[in-house]
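Have a look at the structure below, then the notes.
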Amino acid sequence: MSKISRRTFNASLPAAIGTGLISVRSARAQSYATRDVMFVCAFAAGSGADITVRFFAEKMRPLLGRNVIVENRVGALGNIATEYVARSKPDGHTLYVTSAGVLAANEHILKTPTVDVTHALQVFGTINKSPYMISVRNDSPYKSMAELTAAMKEKGDQATYGFAAGGAVKVVGALYLEKAGLKAVEIAYRASFDYLNDLASGKIDFVIADNVFAVTQERQNRMRVLAVSTPQRIQAAANYPTMTELGYPMSVVGWWAGLVPSGTPRPIIDELNKLLGEVVSSEDGKKFLASIASDPWLQTPEQGQAFMRDQIKDWGEFVRIANIEKQG
Numbered sequence: 011m012s013k014i015s016r017r018t019f020n021a022s023l024p025a026a027i028g029t030g031l032i033s034v035r036s037a038r039a040q041s042y043a044t045r046d047v048m049f050v051c052a053f054a055a056g057s058g059a060d061i062t063v064r065f066f067a068e069k070m071r072p073l074l075g076r077n078v079i080v081e082n083r084v085g086a087l088g089n090i091a092t093e094y095v096a097r098s099k100p101d102g103h104t105l106y107v108t109s110a111g112v113l114a115a116n117e118h119i120l121k122t123p124t125v126d127v128t129h130a131l132q133v134f135g136t137i138n139k140s141p142y143m144i145s146v147r148n149d150s151p152y153k154s155m156a157e158l159t160a161a162m163k164e165k166g167d168q169a170t171y172g173f174a175a176g177g178a179v180k181v182v183g184a185l186y187l188e189k190a191g192l193k194a195v196e197i198a199y200r201a202s203f204d205y206l207n208d209l210a211s212g213k214i215d216f217v218i219a220d221n222v223f224a225v226t227q228e229r230q231n232r233m234r235v236l237a238v239s240t241p242q243r244i245q246a247a248a249n250y251p252t253m254t255e256l257g258y259p260m261s262v263v264g265w266w267a268g269l270v271p272s273g274t275p276r277p278i279i280d281e282l283n284k285l286l287g288e289v290v291s292s293e294d295g296k297k298f299l300a301s302i303a304s305d306p307w308l309q310t311p312e313q314g315q316a317f318m319r320d321q322i323k324d325w326g327e328f329v330r331i332a333n334i335e336k337q338g
């Protein structure tokens, strides 16, 4: 079995990664920005999350009228980036475009969270909602969740599944096992790339993957998605049934947002909300989000901040159900 390279995966992802510095090529728009604007990414360069950040950085560049710099600050489950942004000057020149669900999860997963996200950060706009995906290898004999569940029950504690280390995917796996009455062995991998060969060889029976990775690997005929974790079907991927409709009720939603340090002036927050909304609503924005099986989702700063608070409450229960050990 040949190994799946990172280069192969990266080449298949939508949108261009580009370099760290994205230069201005068009006439500068009138905006609050007086110097380069930094987009902070909590994930590694070349990852699906990094590509998402770079897409929005590139599209907001001409609207901001300044150079934009994408800076990857990786580590501590994203908390290094979160802490950096929270301590940045609240003037709209440091933007945090990230998986806000991870921020909510970290409030319960980290032993001693160094950032109270609802007080230290302000959502200026939301981007999308997306699912986590229960997937098998492309040539797996399991064609549906019913078939997978039946096989896992027969295997008992010999059944195995994998996920890249992280809160949400672990929660989805734990909820599935609980609802289906299964006793599968979980295997946590450092990154999604790392479980591909074990999945292909049959060492693990199924995986829980984020939407970007799952749909990309499905297009490459390496994985097949059986169901999604959102309570309703995602319009951009309406052919995938939800776990809830298949008899395994759950509501684990991935969502992305743009955030700034608390104390950022309201006029700047309003302008950023407007500019981000323009990108999300554009044809390019909708096409990009559809390509990663996620739906546009626009909210006001107040609505986004309220949703964050609700998510933090939900994650307290998720962590309890999944018995996630605190880290850090």
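Under our numbering, think of the first position of the sequence shown as 11, with each following residue one higher.
All residues carry an ideal CB built from backbone N, CA and C; glycine is no exception.
Closest to residue i by C-alpha separation, out of the options, would be which residue?
i, options, result
"L269", "F49, T44, Y42 and Q40", "F49"
"A198", "P259, S109 and K180", "K180"
"Y142", "I279, V78, T92 and L236", "L236"
"V222", "G212, K139 and D294", "K139"
"N82", "R76, G75, L256 and V95", "V95"
"W265", "T128, E188 and A59", "A59"
"A156", "A190, P306 and V133", "A190"
"Q245", "A67, V63 and P306", "P306"
"S41", "R76, A316 and N116", "R76"
"P271", "I302, R71 and V125", "V125"
"V47", "V78, R229 and D280", "V78"
"E327", "A316, L73 and M260", "M260"
"G212", "Y250, D149, L282 and P311", "D149"
"V262", "A210, N333 and G183", "G183"
Cβ of residue i less than 9 Å from any chain B Cβ?
i, result
"D305", "Looking for chain B here will not work: only one protein chain is present."
Which residues does DSSP list as the beta-bridge partners of residue i?
i, result
"L236", "Beta-bridge pairing links L236 to no other residue."
"E81", "V50"
"M143", "A219 and V238"
"T252", "V238"
"Q337", "L120"
"T136", "A267"
"L131", "P271"
For residue i, which three-state DSSP category applies?
i, result
"K213", "coil"
"K296", "helix"
"P271", "strand"
"P306", "strand"
"N20", "With a pLDDT of only 42 at N20, under the threshold of 50, the placement of this residue in the model should not be trusted; the figure read from the coordinates follows. Helix."
"V107", "strand"
"I278", "helix"
"V290", "helix"
"T159", "helix"
"D126", "coil"
"P72", "helix"
"P311", "helix"
"G56", "coil"
"I244", "coil"
"S98", "coil"
"Q321", "helix"
Looking at the ligand FMN, does it come within less than 8 Å of residue i, judged from the CB to the closest heavy atom?
i, result
"D167", "As presented, the structure is devoid of all ligands, the ligand FMN included, so that no description of it is given."
Can you check the region 165–204 for any beta strand (DSSP E) of at least 3 residues that lies completely inside it and give the ranges in chain order? Unbroken beta strand (DSSP E) runs of no fewer than 3 residues, entirely contained in the region 165–204, are found at 170–174 and 195–199, following chain order.
Measuring CB atoms only, is the region 317–335 touching the region 107–122, in the sense that at least three cross pairs come out at less than 8 Å? With a cut-off of 8 Å, the region 107–122 and the region 317–335 count as touching, because enough Cβ pairs lie within range.
Would you call the region 144–158 in contact with the region 230–246, where contact means no fewer than 3 C-beta pairs closer than 8 Å? Under the 8 Å Cβ criterion, the region 144–158 counts as touching the region 230–246, having at least three qualifying pairs.
Cβ pair count under 8 Å reaching 3, the region 191–209 against the region 159–173: Yes, since at least three Cβ pairs between the region 191–209 and the region 159–173 fall closer than 8 Å, the two stretches touch.
Given 8 Å as the limit, is there contact between the region 158–165 and the region 87–102, that is, 3 or more CB pairs closer than that? The region 158–165 is not in contact with the region 87–102.
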